[in-house]
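Using my numbering, the first residue of the sequence shown is number 4, and each one after it goes up by one. Note that CB positions come from ideal geometry on N, CA and C, so glycine has one too. A quick note: this is a predicted structure, and the numbers were derived from the prediction, not measured. To keep things clear, I will list the structure first and then write my remarks on it.
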Amino acid sequence: MKEEELIKKLENIAPPGIEVQSHRRRLRMALLDSEYFREQPEVGVFGQVSSTVKRGVDVLRGLISWRPVWKPALVSTLAIALIVGSALFVPSLVTPSTGTLTGTLPPGIAKSSGEESNAPAKPILSSPANSSRVGFIGKQALTFQWTVVTEFSGVSYKLQITSDPSFVNLTIPEVSGLTETSYTLSQGQALPYGTYYWRMKAIYSAQNDSGWTAPHSFQVGLMPLWTFIVIVVVIGMLVAALVYRFALKR
4 MKEEELIKKL ENIAPPGIEV QSHRRRLRMA LLDSEYFREQ PEVGVFGQVS
54 STVKRGVDVL RGLISWRPVW KPALVSTLAI ALIVGSALFV PSLVTPSTGT
104 LTGTLPPGIA KSSGEESNAP AKPILSSPAN SSRVGFIGKQ ALTFQWTVVT
154 EFSGVSYKLQ ITSDPSFVNL TIPEVSGLTE TSYTLSQGQA LPYGTYYWRM
204 KAIYSAQNDS GWTAPHSFQV GLMPLWTFIV IVVVIGMLVA ALVYRFALKR
């Protein structure tokens, strides 16, 4: 069954007031027999809605998800039962405001989390670019940028920065709980001259994570500050010597 046909069937059986939402690239299902989704809501749309979802498919990865299109305060909970083959499975009551299905899954269903049981994609590191150089001399309070992970809602990011390519010893403590697509170092975290490595991971609220990205390296500064000072002093001494010699000839 094509994904478009599957999503259409999902939309047809959605309980009143619920709009089914497709999460492409992670909602994968296999048709086991000809039984289609059926929805049998009890009376009372704006109370507790009891729905039975019958399905002849095995959810390989990901579960059905939806987003509420009414005010969440009008509905307390939504009870959903799954029938997989001949087995009845009632995972839990879910709150319409979250639009997720949670519980321990029976045999034949791969994972036990809910709306997004697959790991999110890895973010793409943007800046500093790999093998780039940043700044001239002195410490640099850099801004790190990456692409947003769009296929999941409620994703946060972790950032690691180190001068150790194995990431055993971090230069600054790991930064977690990031919800934007950039992070700027404070002056206290500014990086001195040297070669550094950075990597990230995306974390979904159900604690599924993407795993670390491949690290990018970058160079801070053209030379150490002390080298620059020595060069300036030497140049100053040479200029003073030339001026003195020129003055003697006069």
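Leaving out five residues on either side along the sequence, give the residues of the same chain with a beta carbon under 8 Å from the beta carbon of residue i.
i	result
Ser213	Ala122, Pro123, Ala124, Lys125, Pro126, Val152, Lys204, Ala205, Ile206
Ala132	His219, Phe221
Glu177	Lys161, Leu162, Gln163
Thr146	Ser130, Ser185, Tyr186, Thr187, Leu188
Alpha carbon to alpha carbon, how far is residue j from residue i? Give it in angstroms, no decimals.
i	j	result
Ser166	Gly239	34 Å
Val171	Leu162	14 Å
Gly138	Leu181	25 Å
Arg64	Asn211	Any reading at Arg64 must be qualified, since the residue scores a pLDDT of 28, below 50, and its modelled position is unreliable; the value itself is stated next. Cα to Cα, Arg64 sits roughly 13 Å from Asn211.
Ala250	Val233	26 Å
Ala243	Tyr196	30 Å
Ser179	Val237	45 Å
Thr187	Leu241	41 Å
Pro168	Ser159	24 Å
Thr216	Val235	41 Å
Lys74	Ser134	Confidence in Lys74 is poor, its pLDDT being 36 and thus under 50, which makes the residue's placement too unreliable to answer from.
Phe248	Leu128	First, the amino acid is wrong: residue 248 is Arg here, not Phe. Near 56 Å, if we compare the C-alpha coordinates of Leu128 and Arg248.
With which residues is residue i paired in a DSSP beta bridge?
i	result
Met203	Leu162
Leu181	Tyr160
Gly197	Val223
Thr187	Thr146
Grab me the residues of residue i's own chain with a C-beta within less than 6 Å of its C-beta, minus the 5 sequence neighbours each way, in chain order.
i	result
Ser130	Gln148
Thr184	Trp149, Val151
Gln190	Ala144
Arg136	Gln222
Ordered along the chain, which non-local residues of its own chain (more than five positions away) have a Cβ less than 7 Å from that of residue i?
i	result
Ala193	Lys142, Gln143, Ala144
Leu245	none
Ile164	Leu173, Thr174, Ile175, Tyr199, Trp201
Taking 8 Å as the line, does the beta carbon of residue i fall inside it for any heavy atom of the ligand GDP?
i	result
Asp212	Absence of the ligand GDP from the depicted structure is noted, as is the absence of any ligand whatsoever, leaving it without description.
> Which parts of the stretch 121-169 are runs of the alpha helix (DSSP H), unbroken and 4 residues or longer, counting only runs that do not cross its ends?
Replying inline: At a cut-off of 4 residues, not a single continuous stretch assigned as alpha helix (DSSP H) sits fully inside the stretch 121-169.
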